[in-house]
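J.: Supplied in C-alpha cells, the structure appears directly below.
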Amino acid sequence: MPHPLPTGRMDVRIAVLAGSSSQGAHASIQAFPSLKPWWTPHLSILRHEDHKAARPARKHDTPHMREVAGTSKAGYFKASKTAKNKHWSSSFLAGTSHSLWTAKRFAYRRAQPPFPSLPGAETPLQMSNVLLDHFFPPSEPFFPPRRLRPNTSAPPLTTDEIAAALSKCSPTSAPGPDGIPYSTWKQVNKINPSILLHILALLVLLGYHPASRKSSHGVVLDKPGKPSYESPSSCRIIVLIRTISKILKRIIAARLLATARLGGLLHPNQCGSLPGLSTYDACLTLTNDIRTLQRPRLKVSSLFLDIKAGFDNVDNNTLARILREGGIPPYLVFWVSSLLGERSCTLIFQGAPGTPAPVNFGAPQGSPISSLVFLLYVAPLHFGIPWSLMIS
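For the sequence shown, our numbering assigns the number 13 to the initial residue and increments by one for each residue that follows.
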C-alpha cells in the first residue's frame with residue numbers, strides 16, 4: 013500500500029510544481045518567499061499576458077502577432093527588473109548592516125570548500141596535530157619568566173588612549189576565544205571609562221601581557237585554486253585574538269610607533285604598514301629614483317625580494333636587543349617580549365578536538381602590533397646603494 017503524502021509544506025510544493033499556469037507560479041512564490049522575494053501580484057498578471065501573447069505568435073507567426081508578443085515580453089521583463097531593484101535597494105541594501113558584497117555573497121553562493129585530506133591523518137586529532145606541526149612547530153620558549161616590577165618610565169594609561177584604540181576597532185570583526193565583540197567594549201567604555209582603564213593600566217605599568225590574554229583560535233580555511241588539497245600548505249590559518257587583548261595592543265603600538273619614529277628606528281624606505289604611508293608612496297619613490305638615474309642616461313634595474321613567513325621568523329631575543337639599542341623605554345621592551353612568548357592557539361575546523369597548542373615563536377598573526385614589530389625587526393636590512401656603485 014503506497015504511503016500517503018505528507019501534509020503541509022510538501023503538499024504546497026507538489027501542487028505548485030504540477031501546475032503550469034501563472035497562478036501556479038505565483039502560488040509557488042507565495043509559499044516559498046525566499047525563492048523570489050521581489051515578486052509581486054502585478055508581475056504574475058504581466059507574466060500571464062506574456063504567455064497569452066506568445067502562444068498565438070508561435071502558432072500563426074504574423075508581423076502583428078510578433079509585435080504584440082514582443083511588447084508584452086518587454087513590459088514583463090522591464091517590470092521584473094524594476095521590482096528587483098526596488099526590493100534590494102529598499103528592503104535589503106538600505107540597511108546599515110548590509111553592503112554590496114553581502115548581496116553578492118547571497119547571489120553567488122560559494123560551493124562547499126575543499127578541506128585538505130592529509131596523508132596519515134585519519135582522525136580529527138591526527139589532522140589537528142599535522143596542521144599544528146606545520147603552522148606552529150614545537151620550539152623552546154624565548155626567555156625565562158621574570159619577576160614583575162612596576163616600571164617608573166611607563167607613562168600612566170589614559171582614557172583618551174583607550175578611546176582612540178576603540179575608535180579603530182571594527183564592530184564586525186570576529187572575536188577570539190572570549191566571544192566578546194568590540195561593540196560590547198565600546199558600550200562598556202561609553203558607560204564607564206574607568207573599567208577598561210583599571211583592567212589595562214597595571215599591564216602597561218608592569219610591561220607584561222599575561223598568558224590568559226594570549227590564547228587564540230586558528231580557523232582553518234582552504235586556499236582557493238589549489239590543484240591538490242593533500243598538504244597542509246594548501247590551507248591557511250586565520251587567527252582570532254581576544255578583543256580585550258587587541259585593544260591593549262593598539263595602545264602599545266601607538267606608543268611604540270611614536271617612540272620609534274623619534275629614535276629613527278624606522279627606515280625612510282619603509283612605506284607599508286605605517287599610518288600616513290602606503291604602497292603608492294613606495295611606487296612614487298621608486299619612480300623618482302629611476303627617472304633620476306635615467307636622466308644622465310644610466311642603466312637602471314630593480315630587484316624585488318619577498319620575505320616568506322616573515323612574522324613566523326621574528327626572534328624575540330634579537331628584537332629585544334634592537335629595541336634596547338634603539339632607546340625604546342624598558343616597559344615597552346618587556347611588554348613586547350612578553351607578548352611574543354607563552355602563546356597558545358586552538359585550531360577550529362569541522363570535527364576539531366579543540367586542544368590548545370603552545371606557540372613560542374614569531375609574532376602573532378592578526379595582531380595590531382605585529383606589523384610594526386616586524387618592521388622594527390627588519391629595519392637593519394635596509395641599506396642604501398652607494399652612488400659610485402650605481403654609476404659604475
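Think of the CB as a built atom: it goes at the ideal place given N, C-alpha and C, for glycine as much as any other residue. Quantities reported herein were computed from a predicted structural model and do not represent experimental measurements.
#1: For a quick check, are the C-beta atoms of residue 171 and residue 209 less than 8 angstroms apart?
#2: Helix, strand or coil for residue 299? Go by DSSP, reduced to three states.
#3: Just the Cα atoms here: how many angstroms apart are residue 240 and residue 131?
#4: Of the choices 228, 335, 323, whose alpha-carbon is the least far from that of residue 383?
#5: What are the residues that DSSP puts in a beta bridge with residue 234?
#6: Which first and last residues belong to the alpha helix (DSSP H) in which residue 207 is found?
#7: For the beta strand (DSSP E) containing residue 358, list its first residue and its last residue.
#8: Among the candidates 273, 178, 212, 229, whose CA atom is the shortest distance from the CA of residue 222?
#9: Please give me, in chain order, every unbroken run of the alpha helix (DSSP H) with length at least 4 that falls completely inside the segment 48-108.
#10: Need the endpoints of the alpha helix (DSSP H) that residue 345 sits in, please.
#11: Please work out which residues of its chain come closer than 7 angstroms, Cβ to Cβ, to residue 262, disregarding the five sequence neighbours upstream and downstream, and give them in chain order.
#12: Can you name the start and end residues of the beta strand (DSSP E) that residue 371 belongs to?
#13: Can you name the residues that DSSP bridges to residue 227?
#14: Using a 10 Å radius around the Cβ and a threshold of 16 neighbouring Cβ atoms, would you call residue 405 buried or exposed?
#15: Rounded to a whole number of angstroms, what is the C-alpha to C-alpha distance between residue 390 and residue 312?
#16: Considering just the uninterrupted stretch of the alpha helix (DSSP H) at residue 366, what are its terminal residues?
#17: Quick check: the Cα distance between residue 220 and residue 279, rounded to an integer number of angstroms?
#18: Give the secondary structure of residue 252 by DSSP, where H, G and I count as helix, E and B as strand, and everything else as coil.
#19: If you count every other CB in all the chains shown that lies within 10 Å of the CB of residue 225, and 16 or more means buried, which is it?
#20: Here's the rule: buried if 16 or more other CB atoms are within 10 angstroms of the residue's CB, otherwise exposed. What is residue 258?
#21: Determine the DSSP secondary structure at residue 390, reduced to helix, strand or coil.
#22: Would you say the beta carbon of residue 272 comes nearer than 7 angstroms to a heavy atom of the ligand FMN?
#23: Just the Cα atoms here: how many angstroms apart are residue 51 and residue 91?
T.: Per the coordinate set shown:
#1: Contact annotation: residue 171 and residue 209 have beta-carbon atoms nearer than 8 angstroms.
#2: The DSSP-derived three-state label of residue 299 is helix.
#3: If you take the alpha carbons of residue 240 and residue 131, they lie about 12 angstroms apart.
#4: Closest option to residue 383, Cα to Cα, is 323.
#5: BP columns for residue 234 point to 247.
#6: Start and end: 206-218.
#7: 355-360 is the extent of the beta strand (DSSP E) around residue 358.
#8: When only C-alpha atoms are compared, the closest one is 212.
#9: Runs of the alpha helix (DSSP H) inside the segment 48-108: 53-72, 75-99.
#10: Annotation for residue 345: the continuous alpha helix (DSSP H) segment containing it runs 342-352.
#11: Only 177, 180, 380 meet the Cβ criterion.
#12: Counting along the chain, the unbroken beta strand (DSSP E) around residue 371 starts and ends at 369-371.
#13: 356.
#14: Nothing in the structure corresponds to residue 405, since the chain is present only between 13 and 404.
#15: A direct Cα-Cα distance of roughly 25 angstroms separates residue 390 from residue 312.
#16: Premise fails: residue 366 is in no alpha helix (DSSP H) and is neither H nor E.
#17: Approximately 28 angstroms, taken between the alpha carbons.
#18: The answer is strand: DSSP assigns residue 252 an E or B state.
#19: Counting Cβ neighbours within 10 Å, residue 225 comes out buried, since at least 16 surround it.
#20: Burial call: buried.
#21: Here residue 390 carries a helix assignment [DSSP, helix/strand/coil].
#22: The ligand FMN is not part of this structure, which contains no ligands at all.
#23: Residue 51 and residue 91: Cα-Cα distance of roughly 10 angstroms.
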